[in-house]
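*Asks:* In the working numbering, the protein residues as written are -11 to 429.
Positions of the beta carbon are idealized from the N, C-alpha and C atoms, including for glycine.
On a predicted model such as this, the values are computed, not experimentally measured, just so you know.
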């Protein structure tokens, strides 16, 4: 009997089904890799934005007038300066950092909005509805819900801590040993106007002198570089009197760098290279009438007014006022306001106001740290004993000026309420440097 031969079954259909399933799974894995990679990039960029927001805001939490408002403004500006969603300047059309994303806490981490109590700042933002199209296709055939779009969240929290090193101005404040006492660690009261040595070769006439922070005798060029930003100064470092080394405060290179912080430049676009403060308004005995018990000028930094219709620095900063007190500056108006004549080659001014260059390019450049030394500042190396916080009151009129320039003493740089927050390496509670912003979460 001849056996029946069964016809061979075709497997072509099975191959097609298997291949289709393979392609589907491959697309799913591709979607997972591409879309999750996209989400990871956004998460990293958003975290950078939140870190910048928290750090920028924390350095404004000094317990002073409008500290919370200043912190919010600084946080929003710094956070939104970082591009998100593959470096999109518009954040791919999503909402950027706003005041609603910012919260404040006191020293015990209780919620607060009190200027005097806020010590921690938290920035938290969600990039809503980030598109994940490939995951969406995969999710349409699975149980994954809302796979076509996802939210990406990031947060950061920062406070300030004393630094073990810092970035001071190339100046040195000489202690007034005759007045050192309770509340006067360096012999000065908060608000005192302390004169800066200015003469080409003078070593007397002020309690603050130009100082080479690195202990070298390199003259004005080295001093200008230090004024641009010298970091790493510590207690017990050696410094020398720069005046004795031919780098008096009236050197042209120093004047240009110093006055740039007031929005006053030699070139029309100087604000792009020498960043100004948020305000260029200068304080002299001509335009500031508030005095202390001894009848000396004082307290321009945080006073709302001097009683004669003149506005204090923190309020001027909120309005982004130029050296003339308005949004537009000119040599004659600035000179009349401050009561001295500017050098002929320093007649370009950054614009002020809510849309001006002071706001666009400005940063915290007139509240600064200076080293403190014992005794007289000479060309013999002397050691840094501490750091003080000072306010740069006024520009230097010209390279050949003999006009005395003052700085306002605000206090010890490491005080909890000090407005001096600067770059530097964070230390511990016993460090003497100014407060620096640090991330805590």
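1. Which whole runs of the beta strand (DSSP E) in the segment 153 to 202 are 3 residues long or more, in chain order?
2. Look up residue 274 in the DSSP assignment and say whether it is helix, strand or coil.
3. From the DSSP output, which residues share a beta bridge with residue 376?
4. So, with DSSP's three-state summary, where would you put residue 347?
5. Would a C-beta distance cut-off of 8 Å place residue 297 and residue 315 closer than the cut-off?
6. Determine the closest residue to residue 491 out of 51, 29, 28 and 66, with distance taken between C-alpha atoms.
7. Taking only three categories from DSSP, how would you classify residue 26?
8. With distances taken from CA atoms, which of 47, 55 and 374 is nearest residue 161?
9. So what does DSSP say about residue 228, is it helix, strand or coil?
10. Determine the closest residue to residue 33 out of 46, 76, 358 and 44, with distance taken between C-alpha atoms.
11. Between residue 284 and residue 210, is the Cβ-Cβ spacing less than 8 Å?
12. Tell me the DSSP bridge mates of residue 76?
13. If residue 47 and residue 224 are in contact, beta carbons under 8 Å, what's the gap, nearest whole angstrom?
14. Work out the CA separation of residue 300 and residue 309 for me, nearest whole Å.
15. Roughly how many angstroms lie between the CA atoms of residue 387 and residue 253, to the nearest whole one?
16. Can you tell which of 243, 327 and 196 has the C-alpha that lies nearest to the C-alpha of residue 213?
17. Who are residue 366's beta bridge partners in DSSP?
18. How far does the beta strand (DSSP E) with residue 140 in it reach, from first residue to last?
19. First and last residue of the alpha helix (DSSP H) that includes residue 301?
20. Since I believe residue 61 is in contact with residue 406 (beta carbons under 8 Å), could you give me their beta-carbon distance rounded to a whole number of angstroms?
21. Considering residue 90, what are the terminal residues of the beta strand (DSSP E) in which it resides?
22. Rounded to the nearest angstrom, what separates residue 259 and residue 137 at their Cα positions?
23. Assuming residue 331 contacts residue 385 under a Cβ cut-off of 8 Å, what Cβ separation, rounded to an integer in Å, is found between them?
24. Starting from residue 405 and walking both ways along the alpha helix (DSSP H), at which residues does that stretch end?
*Replies:* Taking the definition as stated:
1. Listed in chain order, they are 159 to 162, 181 to 184 and 196 to 200.
2. Assignment of residue 274 by DSSP, reduced to helix, strand and coil, places it in the coil class.
3. BP columns for residue 376 point to 358 and 400.
4. In the structure shown, residue 347 sits in a helix (DSSP, three-state: H, G or I).
5. Their beta carbons are not under 8 Å apart, which means residue 297 does not touch residue 315 by this criterion.
6. The question about residue 491 has no answer, for the chain in this structure spans -11 to 429.
7. Helix.
8. Per the Cα distances, 374.
9. Here DSSP, grouped into helix, strand and coil, assigns residue 228 to strand.
10. Taking only the C-alpha atoms, the option nearest residue 33 is 76.
11. No, the Cβ-Cβ distance between residue 284 and residue 210 is not below 8 Å.
12. Answer is 72.
13. At roughly 26 Å, the Cβ-Cβ gap does not stay under 8 Å, so residue 47 and residue 224 are not in contact.
14. Those two C-alpha atoms are separated by around 11 Å.
15. Computed Cα separation, rounded: 13 Å.
16. Out of 243, 327 and 196, 243 has the C-alpha closest to the C-alpha of residue 213.
17. DSSP output for residue 366 lists no bridge partner at all.
18. Per DSSP, residue 140 belongs to the beta strand (DSSP E) from 137 to 150.
19. Segment 301 to 307, the alpha helix (DSSP H) holding residue 301.
20. Between the beta-carbon of residue 406 and that of residue 61 there is about 20 Å, and that puts the pair past the 8 Å contact cut.
21. Taken as a continuous stretch (DSSP letters only), the beta strand (DSSP E) holding residue 90 covers 90 to 93.
22. Spanning the two alpha carbons is a distance of roughly 43 Å.
23. At roughly 7 Å, the Cβ-Cβ gap stays under 8 Å, so residue 331 and residue 385 are in contact.
24. No residue range can be given for residue 405, since it is assigned to no alpha helix (DSSP H) and is classified by DSSP as neither H nor E.
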